[in-house]
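Trainee: Using my numbering, the letters of the sequence shown correspond one by one to residues 620 to 1074.
Take a look at the following structure, please.
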Amino acid sequence: MFEKFTQKAIEIVTQAQEEAQRLGHYQIRSEHLLLALYIQTKGVQAKILEFDKIERSKLIEEINFSIGAKINPSGHHEVTFSKSAKRILDETLLLAKKYKSRFIMPQHIALALFSSVDSGAYKIIKKFNLNEEKIIANLTRLLDKNSNEDFEHPENLNENLNTTLSNINNFFKEKNVEEILNNAASKLSTCGYEILGTEQILQSILENNDYEVTKFLDRTGINKDIFMQKLQGISSRSAEFENSEKQIIFTPNAFKAMLLAIDTARELGSVEIKPEHIILGMIKTKTGIAYHILKDLINDTESLEEKLTKEVTGKTPEMLSILRLAKEEAQNLNRTSIGTEMLLLGILGLGSGVGASALHKLGITLKDARYEVEKLVGCGSEHNNSPYEYTPRAKKALECAYEIAKSHNKTKISSENLLYAITRQKECLAMKVLEALGTDVLEIKYGIRKEIGED
C-alpha cells in the first residue's frame, strides 16, 4: 500500500504510529493520523488546514478523551491499524485515483480525514469549530490543480544559460588538470589511439605518487601496476563510447567525466579542480574503461565514492551542507528541480554562514523565505525518488560562486560567494523571493561586505 506514498506522507503514518505508542494506545486510530498530520504540517499548509487555531496540548487531551481507556498495558507491543485508520488510508488511494495523482501526498490524508464524518478524528475536528467546508474546498482545489499540472520550474523555461563551453575552457587552465592531461596525452602514441580516454587519465593520476588521491587509492588496494594489469586485459575500447554517437578530442565518457569533475569540485566547495575530483567524475559517469576497472577492483564503487569524498573534504564543507539542505527543501515541496530559490533556502538553513548572517540582519528568516518559495513553485506531486536536477540559473549561480571565490584567492567556496552570485541574476527566483521580503541587490551586497569586514 505505502509504495505510492511520498516521503512526507509516509512520515505522517510513521508519526501516527509513534504517537500511539507514546500515548500508550494499542492501535493506530484516525485520531493518531490527525495528530501526526497536525505535527508534520508547517507554514502555509498549516494555515490552509487551520491548524494554527489548535493547541497541541488541547488536541492530545481530546484524543485521549475520544479513545478512552483503550490503553496498551505494556506500552511496548507493536501497535496495529484500527479499522477507522485503515478506512482513512484506503480513502487516500481512492482520492489519488480520483484526482489522477501519481502519488499519495499529505493533502490526500488531510482530505480523507476531513471527509470521514464517522471517524473519531472528524468528531475532534468538529469540536475545534474549524471551517471544514472551506478547508475541504481548498484541499480539493489544490489536488485538482496538481492533477492537471505538468510542472515546469520557471527557471527551466526559455533559459539559454549553457555554461559547458566556459566550464571546459576554465577546466583546461587548471594547473593540476594541465599536468594530468599532458601526461595522459603522451600515452596515446604508445597505445595507438588518437582520442584521450578515461583510462589514460586515470593512469596519469596513478603514476603521480605525490597526489593525495593516489595515496588514498593505494590504501584501498588500487595502484598503477594493478590498474595496468586490468587495462592490458581489455582489448576493446567500446566502453568508452557507451551512450554516445560522437567522437571528439576526448572519448565521450572522458569528456563527461571532465564535466562531472567540474561539478564535483563546485559541490564540494573547492576553487581548485584536483585529481580526486576527476576520479569522482569518472565514478559518477558509471561508464567507461576506467570506471569498469575500478568497479572490478573495488566491487562497491558507491562506497569508494563516499570514502573518497570524505577523504577529500575532511569535515563537511559549507557548500556541500548548503546543497544538501537545498535538496531537502525541494523534497519537502515534492519538487525535483533545484533552482536558485532552493539554494537560498539552503543558505538560510545552514544558519551559521556569512550569507545567512547577512540575510538575518536584513530581517530575512527561513520561515518567511519558505512561504515565498512555496507561493512561487507550489507543492507538487513529483515523487521524491526522482533524480534531482539543478536549473540552468542554479548551475550558473554555482559557477559564478566558484569564480568569485577564486578571484578572491579563497581555497573554498563559501555561502557569501553563493549569495553574491545569486544577486548577479536579477531575474532568478531567489531574487524574487528576497525582493518580496523587502530587500534588494544593493542591500544584500552591502550586508555581505559588512559581515566580512570590507565596509
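The beta carbon of each residue, even a glycine, is placed where N, CA and C say it ideally should be.
Predicted, not measured: the structure shown is a model, and the values here were computed from it.
May I have the straight-line CA-CA distance separating E637 from H644, to the nearest angstrom?
Mentor: 10 Å
Trainee: Fully enclosed by the stretch 654–729, which alpha helix (DSSP H) runs are 4 residues long or longer?
Mentor: Listed in chain order, the complete alpha helix (DSSP H) runs (minimum 4 residues) inside the stretch 654–729 are 662–667, 675–686, 702–717.
Trainee: In three-state DSSP terms, what is F646?
Mentor: Here residue 646 turns out to be Gln, not Phe, going by the sequence shown. DSSP places Q646 in strand when its eight states are reduced to three.
Trainee: May I have a chain-ordered list of the alpha helix (DSSP H) segments no shorter than 4 residues that lie completely inside the stretch 942–986?
Mentor: 959–969, 973–980
Trainee: Can you give me the C-alpha to C-alpha distance between I754 and A945, rounded to a whole angstrom?
Mentor: 30 Å
Trainee: Tell me the rounded alpha-carbon separation between L1061 and P1011.
Mentor: 24 Å
Trainee: Looking at the structure shown, is F747 part of a helix, part of a strand, or coil, going by DSSP?
Mentor: coil
Trainee: What are the partner residues of E1008, as DSSP defines its beta bridges?
Mentor: S956
Trainee: Going by DSSP, what residues sit across from F624 in a beta bridge?
Mentor: I723
Trainee: Bridge partners for L815 per DSSP, in chain order?
Mentor: F869
Trainee: With DSSP run on the structure shown, which of helix, strand or coil describes R989?
Mentor: Here R989 carries a helix assignment [DSSP, helix/strand/coil].
Trainee: Would you kindly report the start and end of the unbroken alpha helix (DSSP H) that includes P773?
Mentor: Neither: P773 is in no alpha helix (DSSP H) and is coded neither H nor E.
Trainee: Could you check how far apart the C-beta atoms of V931 and E960 are, in whole angstroms? I think they sit under 8 Å.
Mentor: So it is not a contact: roughly 29 Å between Cβ atoms.
Trainee: Using a Cβ-Cβ cut-off of 8 Å (strictly less than) and excluding sequence neighbours within five positions of E937, which residues of its own chain qualify?
Mentor: G888, L969, G972, K1031, I1032, S1033, S1034
Trainee: From the DSSP output, in three-state form, read off K1031 for me.
Mentor: strand
Trainee: With 16 as the cutoff for other CB atoms within 10 Å, does T904 come out buried or exposed?
Mentor: T904 counts as buried, since no fewer than 16 other beta carbons sit within 10 angstroms of its beta carbon.
Trainee: Is there contact between the stretch 918–929 and the stretch 945–957, where contact requires at least three CB pairs shorter than 8 Å?
Mentor: no
Trainee: Excluding sequence positions up to five away, which residues of its chain have a Cβ less than 6 Å from the Cβ of G694?
Mentor: Per-residue confidence for G694 stands at a pLDDT of 48, beneath the threshold of 50, marking its modelled position as unreliable; no derived number is given.
Trainee: Going by C-alpha to C-alpha distance, which of A1013, N1036, A1016 sits closest to A1024?
Mentor: N1036
Trainee: Quick one: what's S735 bridged to in DSSP?
Mentor: None, per the DSSP bridge assignment.
Trainee: How close, in whole Å, do the beta carbons of L939 and E886 come, if the pair is a contact with beta carbons under 8 Å?
Mentor: 6 Å
Trainee: Determine the burial state of S649: buried for a count of at least 16 other Cβ atoms within 10 Å of its Cβ, exposed for fewer.
Mentor: buried
Trainee: Taking E797 as part of the alpha helix (DSSP H), name the residues at either end of that continuous run.
Mentor: 794–804 is the span of the alpha helix (DSSP H), which, as asked, contains E797.
Trainee: Going straight from the alpha carbon of I941 to that of G965, what length do you get?
Mentor: 5 Å
Trainee: Hey, T660 and L668 are a contact pair by Cβ (cut 8 Å); roughly how many whole angstroms apart?
Mentor: 6 Å
Trainee: Can you give me the C-alpha to C-alpha distance between K843 and I824, rounded to a whole angstrom?
Mentor: Going from the Cα of K843 to the Cα of I824 covers about 9 Å.
Trainee: Under the three-state reduction of DSSP, which class applies to L879: helix, strand or coil?
Mentor: helix
Trainee: Count the other C-beta atoms from every protein chain shown that fall within 10 angstroms of the C-beta of D739, then say buried if there are 16 or more, exposed otherwise.
Mentor: Looking at the sequence provided, one finds Gly at residue 739 rather than Asp. Label assigned to G739: buried.
Trainee: Suppose contacts are defined by Cβ-Cβ distances below 9 Å. Is E626 in contact with I658 by that definition?
Mentor: Before going further, note that residue 626 is Gln rather than Glu in the sequence given. No. Outside cutoff.
Trainee: Taking all protein chains shown into account, decide if E1018 is buried (16 or more other Cβ within 10 angstroms of its Cβ) or exposed.
Mentor: buried
Trainee: Cα separation between K677 and F747?
Mentor: 10 Å
Trainee: For S889, which residues does DSSP report across the bridge?
Mentor: DSSP, once it has assigned bridges, lists K1031 as partnering S889.
Trainee: Please name the residue, chosen from G907, E798, N872, that lies closest to L850 on a Cα-to-Cα basis.
Mentor: G907
Trainee: Looking at the structure shown, is I841 part of a helix, part of a strand, or coil, going by DSSP?
Mentor: coil
Trainee: Taking the alpha carbon of E925 as the point to measure from, which residue in L899, D915, K914 has its own alpha carbon closest?
Mentor: Measuring from the Cα of E925, the nearest candidate turns out to be L899.
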